[in-house]
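Below is one structure, written out as structure tokens; the observations come after it.
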Amino acid sequence: MIAWSAPLPDRHATPASRPRTRWIAGDPTLREITDDVMRPLISRPGAAWWWSFLVAASALAVGVAAVTYEVTTGIGTWGLNKTVGWAFDITNFVFWVGIGHAGTLISAILLLLRQQWRTAISRSAEAMTIFAVMCAAMFPLIHMGRPWLAFWVLPYPNSRGPLWVNFRSPLLWDVFAINTYLTISLVFWYVGMIPDFATLRDRAEGPLRRFAYSVLSLGWDGSARTWSRYETASTLLAGLATPLVISVHTIVSMDFATSVLPGWHATIFPPYFVAGAVFSGFAMVLTLLIIVRAVMRLERYITVRHLDAMAKIMLFTGSIVGLAYASEFYNAWYGHNIYERAVFLNRVTGPYAWGFLIMAGCNACAPQLLWVPRIRRSVPALFALSILVNVGMWFERFIIIVTSLHRSFLPSTWIMYRPSVIEVATLVGSFGLFFTCFLLFVRLLPMIAMWEVKALAGHDQGAAR
Amino acid sequence: MKRDLVVGRFQQEPLVVDAVHALRSCGLRIADVYSPYPIHRLDAAMGIAPSRLPLVALAGGVAGLIAAVALELYTSVIDWPLNVGGKPDASLLAFVPIAFELTILGAGLATAAGLLIQSGLVPFRVATPLDRSATDDTFAVVVHCRDSALDRRHIEQLLLNYGALSVESRGLRR
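Heads up: the sequence lines are chains A and B, in that order. Take the first sequence: its position 381, counting from 1, is numbered 380 in numbering that gives the first Met the number 0, and each next residue is one higher. Take the second sequence: its position 162, counting from 1, is numbered 161 in numbering that gives the first Met the number 0, and each next residue is one higher.
Take a look at the structure:
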């Protein structure tokens, strides 16, 4: 899993000839790594954490209030109308599913590609995936209007015939894709944490903590035979998660692409959506880790070089997204379909042109600054860019959904869409849910995969002697 | 309790691999090696056979695929065919995404279950690590000394020669 790239061990070498550990600053010993990762779990949270938690929990409370009002009153509390039947909530759904994709990319695809820098950030990126998919799943659920009947989307023998679900519908494909994604991500995340739970169990003080970690560690003892099997399982799960993550956003894009609506009916959608998902996900990972490394004092493990590597992926996927925008416009012009043309002209010059400008500026133009190495290594610049991309990618989904719907084939159905306060409050609430979960995660679970970082450090230190 | 095992504690990964090689070439049986992270060259040194988990994953994936296709065909073709937009009852192409998802789900769950069951990792299993630090920063090599060509003291000396920081003899763990 971790490539042996250092020179062969020479036990007579002097300490001065130690090779520099590339991805960990300051050559910590294995015990120091345990101490550093455990520190946030055993120390009292500082003021920064409490303030963040207060803000996040308040946002969550706003969301709970909005959703409660919507569910008890009805979907009429939203700004949807007969023409624009999907808008804010489906935008949020696609946005949050996309955020999750970076986590799987880091934990699975970069694992298969043997990228050593993923070790320090994989655990928190996987956590981000799970929380983002949870936020995403909430939106179709509340869009049903009667979420207590959500189980009707599952194919189970029922007393209505049984009337089965329609397996030809992309919306049902989504149900299966999202649930499989959430399940496999959870399994991958938990299996990855078992050895770390054992470390915590053996170091923890206090009976409650020791009991909790002991149950979670499933009696892990670090035996070489178990490790060997464990590595095989990790590679297998990574190999399964890789096509899975691509399929998830492909299927999400098919919700749109299989329709006949101009602006949606496009074969470019699956790759375009997958690249956009990874792009927005990396922006969110950067936002989160830049905050967390400072608040949790983990700069030693999440170094500027890590941020630089993530910025490069953001530049790459951002460029694919820019190319996809250009291809869409080229096809609208070249395809000679008047409806298609009208939709794209309306995107640039119509009433939602301001949203299009935000989307193009933030997603296609702003990331091009990352060609400059100095910007890739500047933490404030990266933070600002990551926020811009988050905003831009949210607007991308909004523009795709709303501009295609609000002016389709029949001019008599043309209408404008405006979100209601309840819809905005629900979006705020989803951010609240996401950050509340993440803040609890950094205090309750080891946010850096200790065993993976130790493997990296141990190989380098072994090679040095 | 009879002291059947010799435990050598190491601080560095390369020394562990060398020691395991040497002990095995002396005809000694390695009970196990406990380490805070996986040591790749140890599989070959200890003669651990490659895991059969890929077969378990394959079986899980095939089961998921068959279950998905069977469910889709039974509900849409046999039990209650519904005409939706004039599409054929057995729209096989449209059945692909869900069949794919359930294949992955089956394979993933089978892999995880296979790992946990084969390794005996279950909730409330009480771990009896030889040393609490084996999950932190120590590598423990455990050697069987019963029925071996060398006696206990020789094995201990061998471990020390290969860089063990401390050695200890003890009974069977469980």
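Even glycine gets a Cβ: it sits at the ideal position worked out from N, Cα and C. Because the structure is a prediction, the values reported are computed rather than measured.
Between the CA atoms of residue j and residue i - distance to the nearest angstrom
i	j	result
A:Val164	A:Val152	6 angstroms
A:Val244	B:Ile97	14 angstroms
B:Gly7	A:Ile301	34 angstroms
A:Ile89	B:Val16	55 angstroms
A:Arg10	A:Trp116	Residue confidence is low: A:Arg10 scores 39 on pLDDT, short of 50, so the model does not pin down where it sits. No coordinate-derived value is stated.
A:Val214	A:Thr266	48 angstroms
B:Leu14	A:His100	40 angstroms
A:Leu303	A:Phe440	Checking the sequence, you will find Val at residue 303 of chain A rather than Leu. Distance between the alpha carbons of A:Val303 and A:Phe440 is about 23 angstroms.
B:Ser90	B:Leu81	12 angstroms
B:Arg172	B:Asp3	With a pLDDT of only 49 at B:Arg172, under the threshold of 50, the placement of this residue in the model should not be trusted; the figure read from the coordinates follows. Approximately 10 angstroms, taken between the alpha carbons.
A:Val294	A:Gly45	8 angstroms
A:Gly280	B:Asp150	59 angstroms
B:Ser118	A:Ile193	12 angstroms
A:Asn330	A:Leu404	19 angstroms
A:Ser326	A:Leu356	17 angstroms
B:Arg152	A:Trp48	55 angstroms
A:Ala64	A:Ala424	8 angstroms
B:Val61	A:Ala24	45 angstroms
A:Asp195	B:Leu115	16 angstroms
B:Arg40	B:Ser24	16 angstroms
A:Ile1	A:Leu199	Residue placement at A:Ile1 is poorly supported in this model, since its pLDDT is 39, which falls under 50; the coordinates still yield a value, given next. Those two C-alpha atoms are separated by around 23 angstroms.
B:Val156	B:Ser147	The question names Val, but residue 156 of chain B is Gln in the sequence shown. Computed Cα separation, rounded: 15 angstroms.
A:Phe272	A:Phe382	23 angstroms
A:Gly62	A:Arg224	48 angstroms
A:Trp219	A:Arg292	29 angstroms
A:Thr179	A:Ala363	31 angstroms
Residue nearest to residue i in terms of C-alpha spacing, selected from the options
i	options	result
A:Ala119	A:Gly349, A:Ile32, A:Tyr212, A:Leu217	A:Ile32
A:Ala448	A:Trp188, A:Ile312, A:Thr179	A:Trp188
A:Leu409	A:Tyr338, A:Met37, A:Pro366, A:Val427	A:Tyr338
A:Ile421	A:Thr71, A:Ser42, A:Arg38, A:Trp50	A:Thr71
B:Gln10	B:Phe123, B:Leu159, B:Arg169	B:Leu159
A:Gly334	A:Arg224, A:Arg299, A:Ser42, A:Gly262	A:Gly262
A:Trp172	B:Leu54, B:Asp42, B:Phe99, B:Asp146	B:Phe99
A:Pro406	A:Phe437, A:Tyr351, A:Ser419	In the sequence as displayed, the identity of residue 406 of chain A is Arg instead of Pro. Comparing Cα-Cα distances from A:Arg406 to each of A:Phe437, A:Tyr351, A:Ser419, the minimum goes to A:Tyr351.
A:Leu344	A:Ala363, A:Thr402, A:Arg113	A:Thr402
A:Ser377	A:Asp307, A:Glu395, A:Arg396, A:Leu438	A:Asp307
B:Gly107	B:Phe123, B:Arg28, B:Leu54	B:Leu54
Whether residue i touches residue j by CB criterion (8 angstroms)
i	j	result
B:Asp67	B:Val142	Checking the sequence shown, residue 67 of chain B turns out to be Ala, not Asp. No, they are not a contact pair.
A:Val175	B:Ala93	The amino acid occupying residue 175 of chain A in the given sequence is Phe; Val does not appear at that position. The answer is no: Cβ separation not under 8 angstroms.
A:Ser106	A:Ala124	yes
A:Leu235	B:Ala56	yes
A:Trp450	A:Phe94	no
B:Ser34	A:Trp226	yes
A:Pro169	B:Thr74	no
A:Ser184	A:Thr128	yes
A:Asn91	A:Tyr416	no
A:Ile398	A:Arg346	yes
A:Thr435	A:Ala126	no
B:Trp79	A:Leu162	yes
A:Leu111	A:Gly238	yes
A:Val66	A:Gly428	yes
A:Val247	A:Ile177	yes
A:Asn389	A:Thr286	yes
B:Thr104	A:Thr182	Residue identity differs from the one stated: residue 104 of chain B is Leu in this sequence, not Thr. Result yes, Cβ atoms of B:Leu104 and A:Thr182 sit closer than 8 angstroms.
A:Leu53	A:Pro445	no
A:Pro366	A:Leu314	yes
A:Val277	A:Leu432	no
Cross-strand partners of residue i (DSSP beta bridge)
i	result
B:Glu167	B:Val6
B:Ala139	B:Arg8, B:Tyr33
A:Ser222	B:Tyr33
B:Arg28	B:His143
Distance cut-off 7 angstroms: residue i Cβ against heavy atoms of the ligand FAD
i	result
A:Ala101	In the structure shown, the ligand FAD is absent, as is every other ligand, since no ligand is present at all.
Which ranges would you report for the alpha helix (DSSP H) in the segment 335-359 of chain A if only whole runs of at least 4 residues count? Segments of the alpha helix (DSSP H) lying fully in the segment 335-359 of chain A: 337-348, 352-358.
Would you list, in sequence order, the uninterrupted beta strand (DSSP E) runs of no fewer than 3 residues that lie entirely inside the segment 79-109 of chain B? Fully enclosed beta strand (DSSP E) runs of no fewer than 3 residues are not present anywhere in the segment 79-109 of chain B.
Can you list, in chain order, the stretches of the alpha helix (DSSP H) that have 4 or more residues and sit fully within the segment 294-334 of chain A? For the alpha helix (DSSP H) assignment, the uninterrupted runs of no fewer than 4 residues enclosed by the segment 294-334 of chain A are, from N- to C-terminal side, 303-333.
Going residue by residue through the segment 92-173 of chain A, where are the continuous beta strand (DSSP E) segments of at least 3 residues, counting only ones entirely within it? Note on the segment 92-173 of chain A: there is no whole beta strand (DSSP E) run with a minimum of 3 residues.
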